[in-house]
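In my numbering, the protein residues as written are 274 to 532. All C-beta atoms, glycine included, are put in the ideal place defined by N, C-alpha and C.
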């Protein structure tokens with residue numbers, strides 16, 4: 274990429290602005306007269322605070338209409354060292370948004386010499402959601418969930434979003450996707466202050482299993498095939514995804530409790 278023309282304003286620390294300045298920005302717009310498409314959609318993700326940080330979890334199912342499109346999709350991704358993002362909505366667009374978000378955070382840190390605040394990261398993710406609005410009018414909706422460890426306040430925080438880029442700072446827990454209302458309803462009765470990391474992981478998996486009972490788009494743990502929820506812990510040490518040998522017994526107990 275060559276130097277910018279003098280007529281182009283400096284894009285600052287935003288990688289997206291840099292792409293747009295050189296005419297290489299993503300062209301996200303629906304063709305005139307286009308109708309809605311059917312594409313694989315990621316469903317239920319959630320995050321909840323515990324005493325030292327945040328736990329984020331997602332089921333593994335993607336649906337296409339009334340069919341199961343994928344059984345092992347990944348929905349929870351690290352954004353940087355101290356934050357993670359989970360996807361709900363059209364899977365392909367959502368994964369591309371996550372990749373751009375990861376590049377944005379890395380680019381900002383390289384340009385400015387320090388990382389964005391957690392609140393700044395959430396605001397920028399809201400901007401990316403808003404940029405997808407033309408596709409949302411065609412039914413191709415992407416709504417992420419964002420969580421991280423705030424090094425300034427030494428606490429975990431959870432942010433939810435709406436389809437037009439509205440950003441909301443959740444007090445205890447948040448969710449996104451078709452089964453999120455059911456998961457949040459479960460968490461309202463089971464959540465308590467002062468949870469440990471292990472208790473928060475157990476509660477997150479049980480909330481997903483509870484949602485899967487009533488929402489067919491949410492995939493419960495498939496113990497026979499070894500398909501388990503993605504669960505990540507975020508604290509002062511950074512983002513750590515929990516291994517299947519840790520999640521397995523939690524999922525088995527959660528399924529048994531539902532029965």
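**Request:** Measure the beta-carbon distance from residue 413 to residue 366 and round it to whole angstroms, keeping in mind my assumption that it falls under 8 Å.
**Result:** As a working note, residue 413 is residue 140 in the chain shown. As a working note, residue 366 is residue 93 in the chain shown. That belief holds up - the Cβ atoms of residue 413 and residue 366 are roughly 6 Å apart, short of 8 Å.
**Message:** Using the three-state DSSP reduction, which class does residue 491 fall into: helix, strand or coil?
**Reply:** The residue labelled residue 491 in the question sits at position 218 within the chain shown. Reduced to three states, the DSSP call for residue 491 is coil.
**Sub-7 Å separation of residue 437 and residue 482 beta-carbons** = Residue 437 sits at position 164 when you count from the first residue of the chain shown. Residue 482 sits at position 209 when you count from the first residue of the chain shown. Contact: no.
**Asked** If we ignore side chains and look at the alpha-carbon of each, how far apart do residue 464 and residue 471 end up?
**Response** Here residue 464 is taken as the residue at index 191 of the chain shown, counted from 1. Here residue 471 is taken as the residue at index 198 of the chain shown, counted from 1. Roughly 13 Å separates the two Cα atoms.
**Prompt:** Who does residue 428 pair with in a DSSP beta bridge?
**Reply:** The residue labelled residue 428 in the question sits at position 155 within the chain shown. In the DSSP output, where bridge partners are listed per residue, residue 428 has 423.
**Message:** Suppose the cutoff is 7 Å on Cβ atoms and the five residues either side in sequence are ignored; what does the same chain contact list for residue 534 look like?
**Reply:** Because the chain is modelled from 274 through 532, residue 534 falls outside the range shown and cannot be assessed.
**Distance CB(residue 388)-CB(residue 359) smaller than 7 Å** = Counting from 1 along the chain shown, the entry for residue 388 is found at position 115. Counting from 1 along the chain shown, the entry for residue 359 is found at position 86. Their beta carbons are not under 7 Å apart, which means residue 388 does not touch residue 359 by this criterion.
**Asked** What is the DSSP secondary structure of residue 381, counted as helix, strand or coil?
**Response** Position 108 of the chain shown, counting from 1, holds the residue named residue 381. Looking at residue 381 - three-state DSSP - the assignment turns out to be helix.
**Request:** Return yes when the Cβ of residue 371 is within less than 7 Å of the Cβ of residue 473, no when it is not.
**Result:** Numbered from its first residue, the chain shown carries residue 473 at position 200. Numbered from its first residue, the chain shown carries residue 371 at position 98. Cβ distance not < 7 Å, so residue 473 and residue 371 don't count as in contact.
**Message:** Within the continuous alpha helix (DSSP H) that includes residue 325, where are the two ends?
**Reply:** For this step, residue 325 is matched to residue 52 along the chain shown. No alpha helix (DSSP H) contains residue 325, which DSSP labels as neither H nor E.
**Request:** Would you identify the three-state DSSP class for residue 317, choosing helix, strand or coil?
**Result:** Sequence index remark: in the chain shown, residue 317 carries index 44 (1-based). Coil, per DSSP.
**Request:** Return the first residue and the last residue of the beta strand (DSSP E) that residue 505 is part of.
**Result:** Taking the first residue of the chain shown as position 1, residue 505 is located at position 232. Element bounds for residue 505: 503-508.
**Prompt:** How about residue 517 and residue 496: do their beta carbons lie closer than 7 Å?
**Reply:** Within the chain shown, residue 517 is the residue found at index 244, counting from 1. Within the chain shown, residue 496 is the residue found at index 223, counting from 1. Result no, Cβ atoms of residue 517 and residue 496 do not sit closer than 7 Å.
**Prompt:** Among 394, 322 and 452, which has the Cα closest to the Cα of residue 353?
**Reply:** Looking up residue 353 in the chain shown gives position 80. Among 394, 322 and 452, the Cα nearest to that of residue 353 belongs to 394.
**Request:** Use the C-beta contact count for residue 462: other C-beta atoms within 10 angstroms, 16 or more gives buried, fewer gives exposed.
**Result:** By 1-based counting over the chain shown, the position of residue 462 is 189. Flag for residue 462 reads exposed.
**Message:** Counting C-beta neighbours from all protein chains within 10 Å, is the total for residue 391 16 or more, i.e. buried, or is it exposed?
**Reply:** Walking along the chain shown from the start, residue 391 turns up at place 118. The residue in question, residue 391, is buried, as its Cβ has 16 or more Cβ neighbours within 10 Å.
**Prompt:** Under a three-way DSSP split, which group does residue 356 fall into?
**Reply:** Residue numbering aside, residue 356 sits at position 83 when the chain shown is read from its first letter. Looking at residue 356 - three-state DSSP - the assignment turns out to be strand.
**Asked** Cα separation between residue 307 and residue 443?
**Response** In the chain shown, counting from the first residue as 1, residue 307 sits at position 34. In the chain shown, counting from the first residue as 1, residue 443 sits at position 170. Below a pLDDT of 50, predicted positions are generally treated as unreliable, and residue 307, at 49, falls in that range; no measurement from the model is reported.
**Message:** Which of the three DSSP states is assigned to residue 340 in this structure?
**Reply:** On the chain shown, residue 340 is found 67 positions in, with the first residue counted as 1. Three-state DSSP puts residue 340 in a strand.
**Request:** Could you tell me the distance, in whole angstroms, from the CA atom of residue 383 to the CA atom of residue 425?
**Result:** Here the question's residue 383 lines up with position 110 in the chain shown. Here the question's residue 425 lines up with position 152 in the chain shown. Rounded to the nearest angstrom, the two C-alpha atoms are 20 Å apart.
**Message:** Going by DSSP, what residue range makes up the alpha helix (DSSP H) through residue 459?
**Reply:** Translated into positions along the chain shown, residue 459 becomes position 186. Taken as a continuous stretch (DSSP letters only), the alpha helix (DSSP H) holding residue 459 covers 453-463.
**Request:** Using beta-carbon positions only, say whether residue 418 and residue 404 come within less than 7 Å of one another.
**Result:** For the purposes of this step, residue 418 is taken as residue 145 along the chain shown, with counting starting at 1. For the purposes of this step, residue 404 is taken as residue 131 along the chain shown, with counting starting at 1. Not closer than 7 Å, so no.
**Item:** Per DSSP, the bridge partner or partners of residue 433
**Value:** Here residue 433 refers to the residue found at position 160 when the chain shown is read from its first residue. According to DSSP, residue 433 bridges with 418 and 441.
**Prompt:** Quick one, which of 490, 440, 506 and 477 has its alpha-carbon nearest residue 524's?
**Reply:** Here residue 524 refers to the residue found at position 251 of the chain shown. With distances taken between Cα atoms, residue 524 lies closest to 477.
**Cα-Cα separation, residue 530 to residue 453** = Within the chain shown, numbered from 1, the residue matching residue 530 stands at position 257. Within the chain shown, numbered from 1, the residue matching residue 453 stands at position 180. The alpha-carbon atoms of residue 530 and residue 453 are separated by roughly 20 Å.
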